[in-house]
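Here the protein sequences line up with chains L and Z, keeping their order. So for the first sequence, the working numbering puts the first residue at 355; every next one is plus one. So for the second sequence, the working numbering puts the first residue at -4; every next one is plus one. Working notes for the structure below.
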Amino acid sequence: MSLLDGGVAELAAAVRSRQVSAAEVLEEALARIEEAETELHCFNTVMLEAARAQAEAVDGAIAAGRDPGQLAGVPVALKDNMCTRGTPTTCSSKILQNWVPPYDGTVVRRLAEAGAVAVGKTNLDEFAMGSSTENSAFGPTRNPWDLGRVPGGSSGGSAAAVAAGLVPLSFGSDTGGSIRQPASFCGVVGVKPTYGLVSRYGLVAFASSLDQIGSFGATVADAALALEVAAGHDPLDSTSLDLPAPRLVEALGEGVEGLRVGVVDDFLAEVAPSCSLAAVAAAEALAAAGASCENVSIPEMLLGLPAYYIIAPAEASSNLARYDGVRYGLRVDGPDVETMNARTRAAGFGAEVRRRIMIGTYALSAGYYDAYYGQAQRARTILIRAFDAAYERFDVLVAPSTPSSAFAFGAKTEDPIEMYMSDLCTIPSNLSGHPAVSVPFALDSDGLPVGVQVLAPALGEPVMLRVAAALEAVAPPGVRGPVRPAASSSAVATGGGGGGRAGEGGGEVAGG
Amino acid sequence: MAEYETVVGLEVHCELSTRTKLFCGCANAFGAEPNTNVCPVCLGLPGSLPVLNEQAVELAMRIGEALHCEIRPSIFHRKNYFYPDMPKDYQISQYDEPINVDGLLELPDGSRVGIVRAHMEEDTGKTTHVGGGGRIHEAGHSLVDYNRAGVPLVEIVSAPDITSAAQARAYVAELRAILVATGASDGRMEEGSLRVDANVSIRRAGSDELGTRCEVKNLNSLRSLGRAIEHEADRQASLVDSGERVTQETRHWDENASRTHSLRSKEEAYDYRYFPEPDLVPLVPDEALRQRASSALGLMPAARRARLQAALGGAEHARALMDQIGTVIELSLDDLVLAASAGGADPKHALNRAANELASQGERARALDPVSFASLLALESSGTLSATQVKAVLPELVEHGGDPAEVARRHGFEQLGTEELESAIDGVISASPTEWERYVSGDARIAGFLAGQVMKATRGRANGKVVAEALAARRAGVSAR
């Protein structure tokens, strides 16, 4: 087995001990990317030169007797909304197609300082708005479990890249579920940390009060290690918590004995049976491992979706105003500035981004502000209080990650509301700023992975990841990647399919 | 016109004299090469985030303190509108929870103007429209300099308590002096450090109701401010007199044409879609910062005026000198006047020379050594130097310092000998016999002419007071004969 398919800590240890060079590891990852990319389209940009230079620097440091850090030589993929100095950062939007940031975001810098090798920028729904990567201006990413299905989104490229074993780690951003939903669809672990735990400096903003960078890994341990490196106070982000980065990996094996687990009832009736069954099975597994499990009804959870679809577009309408053709990115000329602005934005933004800018602009308009934005903020407060009450009784909550497993291309593109429902179970954690993780826990009747969410109160990552690790330990075999790209088994595939290899339907499971 | 009174509220934008910008580490400096003091944050590049400058907060609190405001916990909002000189197409500004509220400003004449709020916000960049007379819609292209983008501002909003153009000017002059005294701003209107918008309305004299207001922009000097308010009040009065209504709108003052014209009506006004800035946390100044802000406050202009008045023998004596007092306070020359007085100079004499001769030297006059100023005044009052000579000596003392007597000698301002003066008077008497006769026969009005002729003959070296005495002595001699 390749070191790329083992644990991240083991890979870094092998590089640090010169068992393998960072350059060798990188070349293997690049070869895998090259082989899979035409089918999967995980990447907008593969950073060949920069990655090779970084791998060389890591090997050079080791040769000189210096320790390059916890992620020495580990290839990582970065969602293409994280600013990388000298490498295009497009947000999968035509409006930023050729934009090259003059600076590295804080997480990008911390990864490099820990010896990680950034290999490329992954595909996403334009400006992280979507749940399938179908909103990418550069074409969708395909789900490696079934090429006729979406990988989820918006961090679909990052999830699929780990699921297909192209890289052992990747980073995404989660505003309403954009890490956890694709993690569930792709059979990988995806963590959305506490708001403020990871710096947003250099993350292109979608909805500033909800956005949070988090990690994808094949295992809980990998994702936890990645988060340890990325987390910690950053003076460049005023909303960054002034706390040292938490220790997450060391306690993963401590088990769940005596923990109080609440199973959120309210979602169970709203999601596909495979998803509710997975959540119930997870609770049973935790009970069997010594936790006390109880169903809990938190009806305020269902306020999340409507509140989110006011707050997120409102903030987005302001955050995306700067793409006006004046300073950088696309410009479509016009006879005067206003026309140039309008033409640039009409040509540069896709339909979903335009829709959310319109919704958000409307929601903030004089005369409507209180009825929409004000009301949504009140709902947000009510939801947070409900969470607080629940966490007086429970250490963690368990819930489905998604209403369904991965759906076929085109299945929801005609109906935005249907697409928005994809984030039903994930949105509440963004509104409350609490951490949540999706861990693969079941396969549905199509052989597709189904994730389960573990939710915790603010800064509850240590206990949350402990619970996730306990679930991972008892999950049925074959629920997680890496998988080799598989041709579609879906009869309803309408777009993005094709090109897959025949005879591998159902998802050949190579790891686990 | 007499049946209306003018009601004015002023919005003054003041650039803070911080080392760096409001939300990033770029230098806050005027006059640098375009787009050199910029970074990802103040250019609003994707992914960048603002971090609040503590020094700006402290200066804003000093302003609040000096204007007797309540200083409160506050938050920032986003004010959304598209304009090329705004990097993010929104301005980070305080909205309904500003840092300073409910203050007041007392003018030198004793009248009080309420301060509604004094809030923090970021400045925009600066657009230059090239071609088409500099107007955006006719320009061939526009150049934007983002050096100013993100420079910290405090916007001071007055209550509509101002009732005349003169009072508006006095308010801005006093506010400017306060801002300079707090160290929060350099107060330079000509560099745009201080920018004023006026909300002007009229109402029937004696009424308590407020009329429909117009906001007048582009007031780049105290002179423009006064003229624009007068013009705008007249315009509104003629509208009302002819049975029309004043419509709420923003108007632009055209200094050359001496008129205002409409920029946009209320209906065309922007909907700024304010909402709380999610990238910043609430600003809750702690006690240490409050202490620092209030202990850093210098002496305010009102206190400095009182100090000068006391030195001049009390408010009664000082009343006629208010203009001169205002001038020396504005230029921060009051310390010099007081120091010279303490060194033996007559306070009124010192004030007079400071407000007139020194004021023309501008800010650098502050550098004058009080001891040398006092000894120069002594030379003048003893008659050793004439007023004209003092005026000639002062610029050099300001520029290079030194002993005034020595400088005067170098200028050739030897005291005029009695003999030389008497012979100059002889010359004037023989050249202007008719005038001399009138003087001798008691026509006091001609004295000035004769003295002027003597001054001319001595090329200004004579002391006016001594000349007058010498002429009077001569006349006494003639009359005695």
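Glycine is no exception: its CB is placed at the ideal position from the N, C-alpha and C atoms. Predicted, not measured: the structure shown is a model, and the values here were computed from it.
Within the region 133 to 146 of chain Z, no residue has its Cβ closer than 7 Å to any Cβ of chain L. In this structure Gln731 (chain L) is buried. Its beta-carbon is surrounded by 16 or more other beta-carbon atoms within 10 angstroms. Annotation: Pro456 (chain L) to Ala431 (chain L) spans about 19 Å, alpha carbon to alpha carbon. Here Asn784 (chain L) is buried: its Cβ has 16 or more other Cβ atoms, across all protein chains shown, within 10 Å. Straight across, the Cα-Cα distance linking Gly397 (chain Z) with Phe408 (chain Z) is about 16 Å. In terms of beta-carbon proximity, Ser630 (chain L) stays away from the interface with chain Z, with every pair separated by 9 Å or more. When the beta-carbon positions are compared, Lys475 (chain L) and Thr443 (chain L) come within less than 9 Å of each other.
Under the three-state reduction of DSSP, Pro754 (chain L) is assigned to strand. Inter-residue distance for Arg820 (chain L) and Tyr716 (chain L) is about 43 Å (C-alpha atoms, whole angstroms). Rounded to the nearest whole angstrom, the CA to CA distance from Leu358 (chain L) to Ser524 (chain L) is 13 Å. By the neighbour-count criterion, in which a residue is buried when 16 or more other Cβ atoms sit within 10 angstroms of its Cβ, Pro836 (chain L) is buried.
For Leu11 (chain Z), no chain L residue has a Cβ inside 8 Å of its Cβ, as the nearest lies near 19 Å away. With a threshold of 9 Å between beta carbons, Cys445 (chain L) makes contact with chain Z. For chain Z, the residues of the region 448 to 471 of chain L that bring a beta carbon within less than 9 Å of one of its beta carbons are Leu450, Trp453, Pro455, Pro456, Tyr457, Gly459, in chain order. Taking 9 Å as the CB threshold, Gly39 (chain Z) lines the interface with chain L. The way I'd put it, the region 809 to 816 of chain L does touch the region 600 to 617 of chain L; three or more beta-carbon pairs between them come closer than 8 Å. Contact with chain L is found for Asp266 (chain Z), since one of that chain's Cβ atoms lies less than 9 Å from the residue's Cβ. Chain L has a Cβ within less than 9 Å of the Cβ of Val276 (chain Z). Here Ser375 (chain L) carries a coil assignment [DSSP, helix/strand/coil].
Counting C-beta atoms within 10 angstroms of its own C-beta, Ile771 (chain L) has fewer than 16 neighbours from the protein chains shown and is therefore classed as exposed. Bounds of the alpha helix (DSSP H) holding Ile736 (chain L) are 729 to 747.
Under the DSSP assignment, Val603 (chain L) falls outside any beta strand (DSSP E); it carries neither an H nor an E label. Residue range 85 to 88 is occupied by the beta strand (DSSP E) that includes Gln86 (chain Z). With at least 16 other beta carbons inside 10 angstroms of its own, Gln424 (chain L) counts as buried. In the displayed model, Arg299 (chain Z) falls within a helix according to three-state DSSP. For Ser253 (chain Z), same chain residues with a beta-carbon under 8 Å away, outside a window of 5 residues either side, are Arg222, His226 in chain order. DSSP, reduced to helix, strand and coil, places Asp434 (chain L) outside both helices and strands of the structure shown, so it counts as coil. By the beta-carbon neighbour count (other beta carbons within 10 angstroms, threshold 16), Val46 (chain Z) is buried.
Annotation for Glu185 (chain Z): Asn215, Ser216 place their beta carbon closer than 8 Å to its own, counting only its chain and skipping 5 residues before and after. Rounded to the nearest angstrom, the gap between the Cα atoms of Glu92 (chain Z) and Thr693 (chain L) is 35 Å. Thr383 (chain Z) has its alpha-carbon roughly 32 Å from the corresponding atom of Ala165 (chain Z). For the pair Val385 (chain Z) and Gly443 (chain Z), the Cα-to-Cα distance works out to about 20 Å. Residue L:Ala822 holds the alpha-carbon nearest to the alpha-carbon of Ala639 (chain L) among L:Arg439, L:Ala822, L:Ala482. Around Leu54 (chain Z), the same chain offers Leu11, Ala179 as residues with beta carbons nearer than 6 Å, after the five sequence neighbours per side are excluded. Taking all protein chains in view, the Cβ of Thr529 (chain L) is crowded by 16 or more other Cβ atoms within 10 Å, so the residue is classified as buried. The beta-carbon separation of Phe492 (chain L) and Val615 (chain L), rounded to 41 Å, does not stay under the 8 Å limit for a contact.
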